[in-house]
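A.B. asks: If you read the sequence shown in my numbering, its first letter stands for residue 109, the second for the next number, and so on.
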Amino acid sequence: MLAQIKNELIDGTTANDMAELFKALGDPTRIRLIYALSQKELCVHDLCSVLDMTQSAISHQLRYLRNMRIVKRRKVGKTVFYSLDDYHVEEIFLQTHEHLTHK
109 MLAQIKNELI
119 DGTTANDMAE
129 LFKALGDPTR
139 IRLIYALSQK
149 ELCVHDLCSV
159 LDMTQSAISH
169 QLRYLRNMRI
179 VKRRKVGKTV
189 FYSLDDYHVE
199 EIFLQTHEHL
209 THK
């Protein structure tokens, strides 16, 4: 049984990638951004209004989340809209929220 578990254990690279993802989710501002984007695709201006933060602060966090493939962007004219990268991100977020509110 232990040999099977050892055989199926995720490799170091995958473990590091997973740790980086959880690190990205370990910031309250980023959690609030992810929640807002789970509701609707939004531009930086809208996110500034919703989170009551500066454009610079929002842009910095969005860049980090984009690099981690948690959010993606779509440009329409001069406006850039952000949304969650895929359903996996939303699912992780929802499962975590459900876990914390489960009694």
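Don't be surprised by glycine CBs; every beta carbon is placed ideally from N, CA and C.
1. Nearest-angstrom Cα distance between TYR172 and ASN115?
2. If you scan the region 117-173 from start to end, which runs of the alpha helix (DSSP H) of 4 or more residues do you find wholly inside it?
3. For the region 117-132 against the region 148-163, are there 3 or more C-beta pairs whose distance is under 8 Å?
4. Taking LYS186 as part of the beta strand (DSSP E), name the residues at either end of that continuous run.
5. Report buried or exposed for LEU141, applying the criterion of at least 16 other Cβ atoms within 10 angstroms of its Cβ.
C.D. replies: Taking the structure as given:
1. On the sequence shown, residue 172 is found 64 positions in, with the first residue counted as 1. On the sequence shown, residue 115 is found 7 positions in, with the first residue counted as 1. Approximately 34 Å, taken between the alpha carbons.
2. 120-132, 136-147 and 152-159
3. no
4. Locating residue 186 in the sequence shown gives position 78, counting from the first residue. Careful: LYS186 lies outside any beta strand (DSSP E) and carries neither H nor E.
5. Translated into the one-based positions of the sequence shown, residue 141 becomes position 33. Result: buried.
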